[in-house]
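Using the numbering used here, the first residue of the sequence shown is number 33, and each one after it goes up by one.
Each residue gets a CB set at the ideal place from its N, CA and C atoms; glycine is no exception.
Working notes, structure below.
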Amino acid sequence: MKPFSELLSLAGRTAVVTGGASGIGLAIARRLAGQGAVVCLVDRNEKVAEIAASLGSQHCGVHTDVTDETAIKTACSTILSQLGHVDILVNNAGIALIASAAELETSAWDLTMAINLRAPFLFARALGPAMCAKGFGRIVNIASQAALVALDKHAAYGASKAGILGLTKVLAFEWGPSGVTVNAISPTVVETELGKQVWSGPVGDAFRAQVPTGRFAQPDEIACAVAYLVSDAASMVNGENLVVDGGYTIR
Numbered sequence: 033m034k035p036f037s038e039l040l041s042l043a044g045r046t047a048v049v050t051g052g053a054s055g056i057g058l059a060i061a062r063r064l065a066g067q068g069a070v071v072c073l074v075d076r077n078e079k080v081a082e083i084a085a086s087l088g089s090q091h092c093g094v095h096t097d098v099t100d101e102t103a104i105k106t107a108c109s110t111i112l113s114q115l116g117h118v119d120i121l122v123n124n125a126g127i128a129l130i131a132s133a134a135e136l137e138t139s140a141w142d143l144t145m146a147i148n149l150r151a152p153f154l155f156a157r158a159l160g161p162a163m164c165a166k167g168f169g170r171i172v173n174i175a176s177q178a179a180l181v182a183l184d185k186h187a188a189y190g191a192s193k194a195g196i197l198g199l200t201k202v203l204a205f206e207w208g209p210s211g212v213t214v215n216a217i218s219p220t221v222v223e224t225e226l227g228k229q230v231w232s233g234p235v236g237d238a239f240r241a242q243v244p245t246g247r248f249a250q251p252d253e254i255a256c257a258v259a260y261l262v263s264d265a266a267s268m269v270n271g272e273n274l275v276v277d278g279g280y281t282i283r
C-alpha cells in the first residue's frame, strides 16, 4: 500500500488551469504546482505568462479569449507545444452576471453560457481525446452551489453551472473506460478579492449566516479539493460533484 502522501503527489504530471491568473484559479495553480505538477495558466489577463513564471520557471501562461472557439483551439495548440502533453485540465474560468430573470439581457445570458459552459466543453474536447489515447487523464470542472439550489438573480449563472454538472457526467461516462476521470466541484461563496467585494456588508452577512460552518470558503480550500480529485488518491472517483459549501445546500 502506497503512503497517502505519495498518492497525492503530482510529480511528472502536467496541468492546465483556465482562469488561472487570479482568484480561485491561481490558488488551484499554486496548489497543483506545490504538489509537483508543471502548470499552464490560461487567462484573458495579458500578464498571465508573468504570473505563471512567479510560480516557477517551469510553468507557463497562455493569453486567450475563452469566448472564441478559434482562440481556444490556438491556445490548446500552444499549450501542447509548451507542455508536450496534458494530464490534468481544470475548467475554472467563469463569470457571474447577476440580474433578475425578468431583467436579464440576452447578451448577458449568451456571454455567461459561452464562458461557463461552452468553453469547458471546448477545452475538454480539444484535450480529452489525447488523454484517452494515452490511458490517463483528470478533468475537474468548477461548478457552483447555484447548480443545486435556487439563488436570487442567478438565472444564467445557475443554469450554466447546472449544465456543467450534466457535461461532467457525460464525459465521465464516455471517457472513464479510457482512464480519464471527470468530476466537478461546487463551491459556496469563495473569499477571493472579488468575492470579498461582492459579498461585503449586510447581504454577505445574511448569506454567511445561512452556512452551517458560519463562514465562506477560502480559495485554497477549493484548490485542495481539486488537488485531491486529480491525484491517484481519487482514481476511483468519477462523474461526481464534490460540494464544498460548509453545508449550505444540506437544508
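Do T220 and D277 have their C-beta atoms closer together than 8 angstroms?
yes
Where V275 falls: helix, strand or coil (DSSP)
strand
For L159 and V212, which I take to be in contact (beta-carbon distance under 8 angstroms), what is that distance rounded to the nearest angstrom?
Going by Cβ atoms, the distance from L159 to V212 rounds to 10 angstroms, so no, they are not a contact pair.
Helix, strand or coil for P244? Go by DSSP, reduced to three states.
coil
Backbone secondary structure at G169 - three-state DSSP
strand
Name the DSSP bridge partner or partners of P219?
For P219, the beta-bridge partners assigned by DSSP are V276.
Chain-order list of residues whose beta-carbon lies under 6 angstroms from that of L87 (same chain, five-residue window excluded)
A65
When the Cα atoms are used, what is the spatial distance from A255 to N123?
12 angstroms
In the DSSP output, what is A249 paired with across the bridge?
V222
For R62, is the classification buried or exposed, using 16 other Cβ atoms within 10 angstroms of its Cβ as the cut-off for buried?
R62 should be labelled buried.
Span separating the alpha-carbon of F248 from that of V70
29 angstroms
Which of helix, strand or coil DSSP assigns to V262:
coil
Any contact between the stretch 261 to 273 and the stretch 168 to 176? By contact I mean 3 or more CB pairs, one from each, below 8 angstroms.
yes
Excluding the 5 residues preceding and the 5 following G195 in the sequence, name in chain order all residues of the same chain whose CB lies nearer than 7 angstroms to its CB.
The answer, listed in chain order, is L149.
Span of the alpha helix (DSSP H) around L203
187 to 207
Nearest-angstrom Cα separation, counted from A179 out to W141:
15 angstroms
Measuring CA to CA, which of V230, A175, P244, R45 is closest to G271?
Distance check between G271 and each of V230, A175, P244, R45 places A175 closest, using alpha-carbon atoms only.
Starting from V80, trace the beta strand (DSSP E) both ways and give me its first and last residue.
Run containing V80: none in the beta strand (DSSP E); it sits in the alpha helix (DSSP H), 80 to 85.
With distance defined between alpha-carbon atoms, name the residue in V222, V94, A265 nearest to K355.
In the structure as shown, the chain starts at 33 and stops at 283, and residue 355 therefore has no counterpart that could be examined.
Using a Cβ-Cβ cut-off of 8 angstroms, state whether L180 counts as contacting chain C.
No chain C is part of this structure, which consists of one protein chain only.
T46 (DSSP reduced to helix, strand or coil)
strand
Looking at the secondary structure, which residues open and close the alpha helix (DSSP H) in which G335 lies?
One cannot answer for residue 335 here, as it falls past the ends of the chain, which runs 33 to 283.
Check for me: the alpha helix (DSSP H) holding L143 runs from which residue to which?
138 to 145
Using a Cβ-Cβ cutoff of less than 6 angstroms, which residues in the same chain neighbour V253 once the five nearest sequence positions on both sides are dropped?
Note that residue 253 is Glu in the sequence shown here, rather than Val. Here the set comprises nothing.
Taking the alpha-carbon of Y280 as reference, which of Q250, L274, T224, V243 has the nearest alpha-carbon?
V243
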